[in-house]
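This report refers to the structure that appears directly beneath it.
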Amino acid sequence: MSKINVKNISKRFGSTQALDNVSIEFGENKIYGLLGNNGAGKSTLLKIITSRIFADSGELTLDGMNMVDNDKALGQMYMLSEDNYYPESMKVNEAFMRAEMFYPNFDSDVALELAGRFNLPMKKKITALSTGYTTIFKIVMAFASNAPFLLLDEPVLGLDAQHRDIFYKLVIERYAASPCTMVISTHLIAEVAGIIEHCMIIKDGRIIKDAPAEELLQNGYTISGPTALLDEYLVGKEVLSSSNLGGLKTAAIGGRMPNTDELPAGIEVGKMNLQEYFIQLMNGGEVQ
């Protein structure tokens, strides 16, 4: 089983500790969410994995093979990022034609089909594309590469709502057709919550959670109802967050979800969602 092992990776930029002793593992054929606010260290970690920058310390291996500046290992990965490594004069269709030099399993038919779905202008220079279409070009390249590991760093940067919707559907579609390991690095938690299987939450350069998404959400729930009734019910409960709208109140609670027969009439209970969980962690809380 193919896997990337990241062990004790640290990286500093001047006085900023971008990554602090990070150890994680990306296994085979799974969709991971690398989740964190802007500046948390997500991009730095992915750039180190793909040898675009180098760690100050630590180890990187792919199936036991050292990954650092290793063309054989790097050929099994495609990283989508905001950086542009294409020649200034290169057009979209030329990039498709040359991709096989770097990705032997690159599928031109898939690239053309996806380009058509996104209305990507084929004869335009890559450097002349808008921010949104630059992202679309990279999405097409990523999925057509057929690389075993797709590292997608903020993959909906600059996309409008329609194109974001196409992208998320494409993730599921391509994963079903050709399973691989996808790492979706993002701060847009609500948008990816329904497609990621395993969460790695990073804060201030440290991994603070590393677990299946479903497991993280088992120890919390949301509850809503009339404000006065809910306030009475919440006495003694671990209230993680709450909000009011008119005469209604919604709260996120830590602990086991109660059965409906344990609740007063007029109160509704549901699962905590990933965004609520994430916000609580970022605010310094802890869902036990």
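In my numbering, each residue's number is its place in the sequence shown (first place is 1) plus 1263. Glycine included, C-beta positions come from ideal geometry on N, C-alpha and C.
When you compare each of the options to residue i by their alpha carbons, which one comes out closest?
i	options	result
VAL1355	MET1340, GLU1345, SER1371	SER1371
GLY1290	GLU1345, GLU1460, ASN1536, THR1485	GLU1460
PRO1489	LEU1479, VAL1532, LYS1500	VAL1532
TYR1366	ASN1409, GLU1345, GLU1351, GLY1395	ASN1409
MET1342	TYR1431, THR1394, ASN1546, LYS1401	LYS1401
ASP1319	ASP1283, PRO1350, THR1523, GLU1525	ASP1283
TYR1349	GLY1509, LYS1388, SER1286	LYS1388
ALA1476	CYS1462, ILE1470, THR1485	CYS1462
ASN1382	ILE1530, GLN1425, GLU1363	GLN1425
ALA1439	SER1286, GLY1529, ILE1287, ASN1292	ASN1292
GLY1333	ILE1530, PHE1317, GLU1363	Sequence check: residue 1333 is Asn here, not Gly. The shortest Cα separation from ASN1333 among ILE1530, PHE1317, GLU1363 belongs to PHE1317.
GLY1296	ASN1347, SER1441, THR1449, GLY1321	THR1449
Over what stretch of residues does the beta strand (DSSP E) that includes residue i continue unbroken?
i	result
ASN1356	Not the beta strand (DSSP E): ASN1356 falls in the alpha helix (DSSP H), residues 1355–1361.
ASP1428	Not the beta strand (DSSP E): ASP1428 falls in the alpha helix (DSSP H), residues 1424–1440.
ILE1272	1267–1276
ALA1474	1469–1475
VAL1446	1444–1449
VAL1285	1279–1289
For residue i, report the span of its alpha helix (DSSP H) as first-last.
i	result
SER1306	1305–1312
ALA1456	Element bounds for ALA1456: n/a, residue is neither H nor E.
ASP1494	1490–1497
ASN1344	Residue 1344 is actually Ser in this sequence, not Asn. That residue, SER1344, is in no alpha helix (DSSP H); it is neither H nor E in DSSP.
GLY1379	1371–1381
LYS1401	1394–1408
ASP1334	1334–1337
GLU1417	Note, GLU1417: premise wrong, no alpha helix (DSSP H); not H, not E.
LEU1554	Beyond the ends of the chain as shown, which are 1264 and 1551, falls residue 1554; an answer cannot be given.
Given residue i, which residues of its chain have a CB within under 8 Å of its CB, disregarding the five upstream and five downstream residues?
i	result
LEU1323	ILE1267, ASN1268, VAL1269, LYS1270, ILE1272, ILE1311, ILE1312, ASN1329, MET1330, VAL1331
ALA1336	LEU1325, MET1328, ASN1329, MET1330
LEU1422	GLY1395, THR1398, ILE1399, PHE1430
GLN1339	SER1265, LEU1325, ALA1410, PRO1411, PHE1412
THR1523	VAL1532
MET1360	SER1371
SER1239	No statement about residue 1239 is possible, as the shown extent of the chain runs from 1264 to 1551 and does not include it.
LYS1472	CYS1462, MET1463, ILE1464, LEU1479, LEU1544
Given residue i, which residues of its chain have a CB within under 7 Å of its CB, disregarding the five upstream and five downstream residues?
i	result
ALA1281	LYS1274, ARG1275, GLY1304, THR1307, GLY1468
GLN1551	Bear in mind that the predicted position of GLN1551 carries a pLDDT of just 46, short of 50, making it unreliable; the figure below should be weighed with that in mind. Contacts found: ASN1482, GLY1517.
THR1521	The amino acid at residue 1521 is misidentified as Thr; the sequence shows Pro. VAL1532, listed in sequence order.
PRO1527	LEU1492, TYR1496
TYR1540	LEU1479, LEU1480, GLY1483, VAL1550
GLU1501	ILE1516, GLY1517, GLY1518
ALA1456	ASN1536, LEU1537, GLN1538
Would you say residue i and residue j are within 8 Å of each other, going by their C-beta atoms?
i	j	result
MET1535	ALA1515	yes
LEU1544	ILE1458	no
THR1398	PRO1418	yes
ILE1447	ILE1294	yes
LEU1511	SER1487	yes
LEU1392	ILE1452	no
HIS1299	LYS1466	Sequence check: residue 1299 is Gly here, not His. Contact: yes.
ALA1405	LEU1413	yes
MET1445	LEU1420	no
THR1390	GLU1351	yes
GLU1454	ARG1427	yes
ALA1362	PHE1369	yes
ILE1470	ILE1287	yes
Near residue i, which residues of its chain fall below 6 Å by C-beta distance, leaving aside the five closest residues on each side in sequence?
i	result
SER1278	none
PHE1403	In the sequence as presented, Phe is not what sits at residue 1403; that position holds Val. Result list for VAL1403: ALA1374, LEU1377, ALA1378, in chain order.
ALA1474	none
SER1506	THR1513
LEU1433	none
GLU1525	none
THR1485	ALA1515, GLY1533, MET1535
Could you check whether the Cβ of residue i sits closer than 7 Å to any heavy atom belonging to the ligand PLP?
i	result
LYS1401	The model depicted lacks the ligand PLP and carries no ligand whatsoever.
Can you find a CB in chain B that lies within less than 8 Å of the CB of residue i?
i	result
LEU1420	Chain labels in this structure do not include chain B; a single protein chain is all it has.
**Asked** What are the start and end residues of each continuous alpha helix (DSSP H) run of 4 or more residues lying completely inside the segment 1501–1548, in chain order?
**Response** 1537–1545
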